[in-house]
Amino acid sequence: MDGAQEPDGTAAPGARAIPATPAAAVAAVAAVAAPSPRPEATVFLVGEARSAWLELARMRGTGERRAALLGLLLTPDSARERQAWREELDGLVTAPQVLALLQALPDAARLPVLERLLDLAGEDPLAERQALLVSARRVMCADGRVRPVDRLVWLLLRHRCRSAEPLHRGGLREANDLAGLPLAMRQAVARFTAYLARLVPQPARGVRVDAAGAAWYLAVVQSLWGQAPDLPPCQPPDVDGLGRALHTLGALTWMRRPLLARRWVEAAEPAWADLDPADRLAAAEALRLACGLLDTPLPPALARQFVEPPPAPTRPD
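Structure below.
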């Protein structure tokens, strides 16, 4: 995945970080609770979708969990990825059952479910987590196409499968704003934001950042540079540049990470009001992945775009 090239048309309309199957659209209408009018309320899975998640969470076998995680990475209508998924799970008789459970999940729950399954996988031995990454890479690259959002998913998989690292907390007197960041940190924010601009506030129609993405980028970067005349241009980084930006952002303090996440969302919300729900969800997934890479909570306006799985059943003694 690290060396794969992003082809033309990487951010197609309605592209999703966690592609849904055709059955998910039906499940979304029939099995998901209506969003609560309370901004702070979390919407949880109900009905058939809730039952599917609880059954997935009860599957403690490494093979079944891998089948679910890899199934959530499949691009719709990609025969090569589906074939790679089958080959990775060769001999697992319950694989079709796992895929059927995934099809019962609505679009807005697929990324939250992926995160929950990664939490469960984090309890596995290191060798099994490394094997999961190898399988994920093979499935995601099977069709030779790696979209910008695919790379974010891959980075999140690596991030969640490695050993936890202590978060840089900073000092109590450190300024609680973004404008006071050192230049190197602001440049890292700008590079990562430029990468996201192909997906936020809506998926671009081609490889390049479109007008909506450029306007979103400008709104974010201006909050860091103020009235400075020479803002960094919106140039999405390559693979190495993205890695360097995220490495630098790893030193961002815990107080400032939520500020950055909130600024991303605030700059995107005006455009979301008129978007097709699929495009809005695709952009929200990109921002959720970005928050996951920064280990920061979701801003409420972003959290409202998703349907969360309930707590998983406890592991029996």
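Residues in the sequence shown are numbered consecutively from 468, following the working numbering. Positions of the beta carbon are idealized from the N, C-alpha and C atoms, including for glycine. Since the model is a prediction, treat every value here as computed from it, not as a measurement.
Bridge partners of residue 511, per DSSP? The sequence position of residue 511 within the sequence shown is 44, counting from 1. Its beta-bridge partners are 775.
Counted within 10 angstroms of its Cβ, other Cβ atoms place residue 527 as buried (16 or more) or exposed: Reading the sequence shown from its first residue, position 60 is the one you call residue 527. Classification of residue 527: exposed, given that the 10 Å Cβ count is below 16.
Assuming residue 776 and residue 649 are in contact, meaning their beta carbons sit under 8 Å apart, how far apart are those beta carbons, in whole angstroms? Translated into positions along the sequence shown, residue 776 becomes position 309. Translated into positions along the sequence shown, residue 649 becomes position 182. Not quite, the Cβ-Cβ distance comes to about 39 Å (not below 8 Å), so this is no contact.
With H, G and I counted as helix, E and B as strand and the rest as coil, what does DSSP make of residue 545? Position 78 of the sequence shown, counting from 1, holds the residue named residue 545. Note: residue 545 maps to coil in three-state DSSP.
Give the range of the alpha helix (DSSP H) segment to which residue 615 is assigned. As a working mapping, residue 615 is identified with position 148 in the sequence shown. Per DSSP, residue 615 belongs to the alpha helix (DSSP H) from 615 to 628.
Return the chain-ordered list of same chain residues with a C-beta closer than 7 Å to the C-beta of residue 552, the five sequence neighbours on each side being excluded. Looking up residue 552 in the sequence shown gives position 85. Cβ neighbours of residue 552 beyond the five flanking positions: 537, 538, 541 and 606.
Within 10 Å of its beta-carbon, does residue 517 have 16 or more other beta-carbons around it, so buried, or fewer, so exposed? Working through the sequence shown from its first residue, we reach residue 517 at position 50. When all chains shown are included, residue 517 counts as buried.
Mind the definition here: the region 745 to 762 touches the region 564 to 578 only if three or more C-beta pairs lie below 8 Å; say whether that holds. Segments in contact, yes.
Kindly indicate if chain C contains any beta-carbon less than 8 Å away from that of residue 539. The displayed structure is made up of one protein chain only, and chain C is not part of it.
Start and end residues, alpha helix (DSSP H) containing residue 739: Walking along the sequence shown from the start, residue 739 turns up at place 272. Counting along the chain, the alpha helix (DSSP H) containing residue 739 begins and ends at 724 to 739.
Taking the CB atoms as reference points, tell me whether residue 667 and residue 735 lie closer together than 8 Å. Here the question's residue 667 lines up with position 200 in the sequence shown. Here the question's residue 735 lines up with position 268 in the sequence shown. Yes, the Cβ-Cβ distance between residue 667 and residue 735 is below 8 Å.
Cα separation between residue 677 and residue 560? In the sequence shown, counting from the first residue as 1, residue 677 sits at position 210. In the sequence shown, counting from the first residue as 1, residue 560 sits at position 93. Computed Cα separation, rounded: 45 Å.
Do you know offhand how far residue 712's Cα is from residue 764's? Translated into the one-based positions of the sequence shown, residue 712 becomes position 245. Translated into the one-based positions of the sequence shown, residue 764 becomes position 297. Spanning the two alpha carbons is a distance of roughly 20 Å.
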